[in-house]
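Chains as they are written, first to last, in the numbering used here: chain A, 1 to 114; chain B, 1001 to 1114.
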């Protein structure tokens, strides 16, 4: 069965500083990988996704993530955080065969300090 | 393009009462999902429909939860009778049904069981 681990429950970053959110997955082969963001009271919005090809993927709002097969990781990064980035971030893994279903991690809450 | 619509946004009920949530997916999306998101956790899949057939309901508590997708479009999720531990946000998502894995989420229905 596939699973996702996000080891950090909360992270606080100063505005303008760089950000890295960690994600490790467990899956028998190369999965589809996603990062979603959830603002309070809102649904989940897709930030970026990895299907194949270049292991460094660019997303919306200046985010990027790198797929590292050897480490089973898909960490999310942003070079300079803005106060509006404060939200909860979820990493998700999906199977490449059969019907697409996503398994989510427990999320990392990002707090941005002035 | 209209997104995934859900209603009601908020619902408060007493335990042992019943509740129903409605979802209208993005037009043309063949696959529809219901996820449960308990506070502090990531979304957990309850049920997945492909058109109007059930693909995966292995994590649906069938003694109290039921869901249907009439004519392969709208869907309703029902809980009867509700328990305190059912307090959560119920997220509906849809996808085109192709093997890309990307899900599009509604804003969710927040249930509080007293």
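Think of the CB as a built atom: it goes at the ideal place given N, C-alpha and C, for glycine as much as any other residue.
- Item | Interface flag, residue 34 (chain A) vs chain B, CB-CB below 9 Å | Residue 34 (chain A) sits at position 34 when you count from the first residue of the first chain. Judged by the 9 Å Cβ criterion, residue 34 (chain A) is in contact with chain B.
- Message: Short of 6 Å in beta carbon distance, which residues of its chain neighbour residue 73 (chain A), apart from the five on each side in sequence? Order them along the chain.
- Response: Walking along the first chain from the start, residue 73 (chain A) turns up at place 73. Counting only Cβ-Cβ distances below 6 Å, and skipping sequence neighbours, we find 24.
- Task: Determine the contact status of residue 101 (chain A) and residue 1033 (chain B), defining contact as a CB-CB distance below 9 Å.
- Result: Position 101 of the first chain holds residue 101 (chain A). Position 33 of the second chain holds residue 1033 (chain B). Judged by beta-carbon spacing, residue 1033 (chain B) lies within the 9 Å limit of residue 101 (chain A), meaning their Cβ atoms are closer than that value.
- Query: Would residue 96 (chain A) count as contacting chain B if we go by Cβ distances under 9 Å?
  - Reply: For the purposes of this step, residue 96 (chain A) is taken as the residue at position 96 of the first chain. For residue 96 (chain A), the answer is yes, since a Cβ of chain B falls inside 9 Å of its Cβ.
- Nearest residue (CA-CA) to residue 1097 (chain B), options B:1029, B:1017, B:1019, B:1018: For the purposes of this step, residue 1097 (chain B) is taken as residue 97 along the second chain, with counting starting at 1. Answer by Cα proximity: B:1029.
- Query: Would the beta-carbon of residue 1049 (chain B) fall within 9 Å of that of residue 1075 (chain B)?
  - Reply: For the purposes of this step, residue 1049 (chain B) is taken as residue 49 along the second chain, with counting starting at 1. For the purposes of this step, residue 1075 (chain B) is taken as residue 75 along the second chain, with counting starting at 1. Yes, Cβ-Cβ distance for residue 1049 (chain B) and residue 1075 (chain B) is below 9 Å.
- If you check the beta carbons only, do residue 1004 (chain B) and residue 1092 (chain B) fall under 9 Å apart? Taking the second chain and counting its residues from 1, the one referred to as residue 1004 (chain B) is at position 4. Taking the second chain and counting its residues from 1, the one referred to as residue 1092 (chain B) is at position 92. Yes; because the gap between Cβ atoms is below 9 Å, this pair is in contact.
- Compare the C-beta of residue 1043 (chain B) with all C-beta atoms of chain A and state if any pair is closer than 9 Å. As a first step, residue 1043 (chain B) must be located in the second chain, where it is residue number 43. With 9 Å as the cut-off, residue 1043 (chain B) counts as an interface residue toward chain A.
- Item | Rounded straight-line distance, which links the Cα of residue 1066 (chain B) to that of residue 1078 (chain B) | Along the second chain, read from residue 1 onward, the residue named residue 1078 (chain B) stands at position 78. Along the second chain, read from residue 1 onward, the residue named residue 1066 (chain B) stands at position 66. C-alpha separation (whole angstroms): 5 Å.
- Quick one: using the 10 Å Cβ neighbour count with 16 as the cut-off for buried, is residue 1010 (chain B) buried or exposed? Position 10 of the second chain, counting from 1, holds the residue named residue 1010 (chain B). Flag for residue 1010 (chain B) reads exposed.
- Determine the direct distance from the alpha carbon of residue 114 (chain A) to that of residue 1031 (chain B), and round the result to whole angstroms. Working through the second chain from its first residue, we reach residue 1031 (chain B) at position 31. Working through the first chain from its first residue, we reach residue 114 (chain A) at position 114. In a straight line, the C-alpha of residue 1031 (chain B) is about 42 Å away from that of residue 114 (chain A).
- Message: If distances are taken between C-alpha atoms only, which option among A:1, A:103, A:107, A:7 comes closest to residue 87 (chain A)?
- Response: Along the first chain, read from residue 1 onward, the residue named residue 87 (chain A) stands at position 87. It is A:107.
- Item | Backbone CA spacing between residue 49 (chain A) and residue 81 (chain A) [nearest angstrom] | The residue given as residue 49 (chain A) occupies position 49 in the first chain. The residue given as residue 81 (chain A) occupies position 81 in the first chain. The alpha-carbon atoms of residue 49 (chain A) and residue 81 (chain A) are separated by roughly 20 Å.
- Please state if the CB of residue 6 (chain A) and the CB of residue 90 (chain A) are separated by a distance shorter than 9 Å. One-based indexing of the first chain puts residue 90 (chain A) at position 90. One-based indexing of the first chain puts residue 6 (chain A) at position 6. Contact flag set, yes.
- Query: Just curious, the beta strand (DSSP E) that residue 91 (chain A) is in, first and last residue?
  - Reply: Here residue 91 (chain A) refers to the residue found at position 91 of the first chain. 87 to 94 is the extent of the beta strand (DSSP E) around residue 91 (chain A).
- Item | Reference residue 44 (chain A), options A:10, A:53, A:51, A:34, closest by Cα | Position 44 of the first chain, counting from 1, holds the residue named residue 44 (chain A). Nearest of A:10, A:53, A:51, A:34 to residue 44 (chain A), Cα basis: A:34.
- Query: Hey, does residue 67 (chain A) have any beta-carbon neighbour from chain B nearer than 9 Å?
  - Reply: The residue labelled residue 67 (chain A) in the question sits at position 67 within the first chain. Answer no: the Cβ-Cβ gap between residue 67 (chain A) and chain B never drops below 9 Å.
- Item | Distance between residue 79 (chain A) and residue 130 (chain A) (C-alpha atoms, nearest Å) | There is simply no residue 130 (chain A) to check, as chain A begins at 1 and stops at 114 in what is shown.
- Where residue 1086 (chain B) falls: helix, strand or coil (DSSP): Working through the second chain from its first residue, we reach residue 1086 (chain B) at position 86. Residue state, collapsed to three classes: helix.
- Query: Which partner residues does residue 1056 (chain B) have in the DSSP bridge list?
  - Reply: Along the second chain, read from residue 1 onward, the residue named residue 1056 (chain B) stands at position 56. Answer by DSSP bridge pairing, in chain order: B:1048.
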